[in-house]
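Chemist:
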Amino acid sequence: MKLARRILRSDTLRRFLCAIAASHIRLVRATGRWRVVGAEIPRRFWDQGKPFILCFWHGRLLMMPYGWRRSVPIRMLISSHRDGQIIARTVAHFGIDTIAGSSSRGGGAALRAMVRALERGECIGITPDGPQGPRMRASRGIVNVARLAQVPIVPATYSASRRSLLSSWDRFVLAWPLASSVFIWGEPITVPANADEAALERAREQVEDRLNDITRKADLLCRQPAVEPAGRDTPGTLPQASLESTSGAR
-7 MKLARRILRS DTLRRFLCAI AASHIRLVRA TGRWRVVGAE IPRRFWDQGK PFILCFWHGR
53 LLMMPYGWRR SVPIRMLISS HRDGQIIART VAHFGIDTIA GSSSRGGGAA LRAMVRALER
113 GECIGITPDG PQGPRMRASR GIVNVARLAQ VPIVPATYSA SRRSLLSSWD RFVLAWPLAS
173 SVFIWGEPIT VPANADEAAL ERAREQVEDR LNDITRKADL LCRQPAVEPA GRDTPGTLPQ
233 ASLESTSGAR
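In the numbering used here, the protein residues as written are -7 to 242.
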């Protein structure tokens, strides 16, 4: 723990760690055998220049940069804390910009920035269970963004035949080189502009269920045991929690 805190506090060590992480991602992608399921789903939006919200669990973050079409602009919602800076600097190696926000700081500003980016035609990436959980449980924030910007939510996930599961709250999937891997896209989820509280909750449940379904499928295809969601009463903070009470973004 002392070493981890030292790394988080040192800008030089953080930069070095991010470079190592980016190199590992490139190595896994270059040496692995990758299969994509549902590739036509994002392609339809990309080819038409239509923005959407990319949705994936925090524990499946590692290989997401290689599931994305490099020419399509995307910005990820990342915690403004030091650990979030590590993620931001790592994905920057792949041309991905970020929006800083969390449940405790910058929630309203992050919401407005995401809606403006989507209105400009950019896509947004959100981990609806980050930065601290509960694991694989979606917060309400993502459906509020989709409602305000009137863009669909598209879930995605990956798994690998050679991997380690970290003991972190999200059971982070660390894929290894020379793996047979799969990347799965799920069907889009739309949220009506006039959605009431009940409709927003149904949409949130749909995001959670669909994302968990394709994540279990990815693990099964790679012959890996499924990672189960945390209990619904598991304590944790959600990065979009403060966005739920925001009625306007412009």
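Yeah, the Cβ is synthetic: ideal placement off N, Cα and C, and Gly gets one too.
Do the CB positions of ALA210 and ILE176 come within less than 9 Å of each other?
Modeler: yes
Chemist: Return yes when the Cβ of ILE17 is within less than 9 Å of the Cβ of PRO57, no when it is not.
Modeler: yes
Chemist: Distance check for ALA148 and MET68, CA to CA, integer angstroms please.
Modeler: 14 Å
Chemist: If we cut at 9 Å on Cβ distances, does ALA218 have a partner in chain B?
Modeler: Here there is only one protein chain, and chain B is not present.
Chemist: For GLY117, which residues in the same chain have their Cβ closer than 6 Å to its Cβ, ignoring the five residues on either side in sequence?
Modeler: LEU46, ILE66, MET68
Chemist: What does DSSP give as the partner residue(s) for THR149 in the beta ladder?
Modeler: ILE176
Chemist: Measure the Cβ-Cβ separation of ALA171 and GLY41 and say whether it is below 9 Å.
Modeler: no
Chemist: I'd like to know if the stretch 123 to 133 and the stretch 3 to 22 are in contact, where contact means that at least 3 CB-CB pairs between them fall below 8 Å.
Modeler: The answer is no - the stretch 3 to 22 does not touch the stretch 123 to 133, with fewer than three Cβ pairs under 8 Å.
Chemist: For SER156, name the three-state secondary structure that DSSP assigns.
Modeler: strand
Chemist: Specify whether the stretch 98 to 110 and the stretch 47 to 55 touch according to this definition: at least 3 beta carbon pairs, one from each stretch, less than 8 Å apart.
Modeler: no
Chemist: What do you reckon, are the CB atoms on VAL20 and LEU54 nearer than 9 Å?
Modeler: yes
Chemist: For a quick check, are the C-beta atoms of GLY93 and ALA84 less than 9 Å apart?
Modeler: no
Chemist: Helix, strand or coil for ARG215? Go by DSSP, reduced to three states.
Modeler: coil
Chemist: I'd like to know if the stretch 137 to 147 and the stretch 108 to 116 are in contact, where contact means that at least 3 CB-CB pairs between them fall below 8 Å.
Modeler: yes
Chemist: Quick one: what's got a C-beta closer than 8 Å to THR4's C-beta in the same chain, skipping five residues either side?
Modeler: none
Chemist: DSSP puts TRP26 in a beta bridge; with which residues?
Modeler: SER173
Chemist: Quick check on this structure: which residue in TRP60, ALA152, GLY223 has the alpha carbon closest to the alpha carbon of ASP162?
Modeler: GLY223
Chemist: Can you check the stretch 30 to 99 for any alpha helix (DSSP H) of at least 4 residues that lies completely inside it and give the ranges in chain order?
Modeler: 32 to 40, 74 to 84
Chemist: To the nearest angstrom, how far is it from the Cα of PHE44 to the Cα of PHE8?
Modeler: Near 32 Å, if we compare the C-alpha coordinates of PHE8 and PHE44.
Chemist: I'd like to check one pair, SER131 with THR207: are the Cβ atoms closer than 9 Å?
Modeler: no
Chemist: Tell me the DSSP bridge mates of ALA167?
Modeler: ARG155
Chemist: Looking at the unbroken beta strand (DSSP E) that takes in ILE118, where does it start and where does it end?
Modeler: 115 to 118
Chemist: In whole angstroms, give me the CA-to-CA distance for GLY87 and ASP205.
Modeler: 29 Å
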